[in-house]
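Novice: The structure follows.
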Amino acid sequence: MENSEGAIISEEENPLPEFMDAATFRKLQHHRLIDEVGLRNYCITRKYHCLKLRGLSMFDCLENLSREYGLSIEYLRKMVGIKVIYFKKKR
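If you want it as structure tokens, here you go:
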């Protein structure tokens, strides 16, 4: 990424917060550092990893995010980098 002066900004120097307010988002968007879809995907990915840390299974995390954001589980799976989902057979 580059700032308005053309200097490269690394994520380590300028990490995005997990959830950001609208003013911060508009500022980043104005400087073309992030777009709306990028921000949404970033927040969803962070939220997925937070849910995993709380002990939820991979599928439960994806189901929760699917309900909350109205996105398909398949789309979310690809977004967070999961290659295969194994479904348990219900008996």
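The numbering used here puts the first residue of the sequence shown at 4, with every later residue one more than the last. Quick reminder that beta carbons are idealized off the backbone N, C-alpha and C, glycines included. Computed from a prediction, not measured in an experiment: that's the story for all the values here.
Quick one: any contact between the region 54–68 and the region 36–45, if contact means 3 or more CB pairs under 8 Å?
Specialist: Touching, no.
Novice: If you count every other CB in all the chains shown that lies within 10 Å of the CB of residue 51, and 16 or more means buried, which is it?
Specialist: That one is buried.
Novice: Could you check what DSSP says for residue 68 in three-state terms: helix, strand or coil?
Specialist: Residue state, collapsed to three classes: helix.
Novice: Output the distance between the C-alpha atoms of residue 42 and residue 31, rounded to the nearest integer angstrom.
Specialist: Rounded to whole angstroms, residue 42 to residue 31 spans 10 Å at the Cα level.
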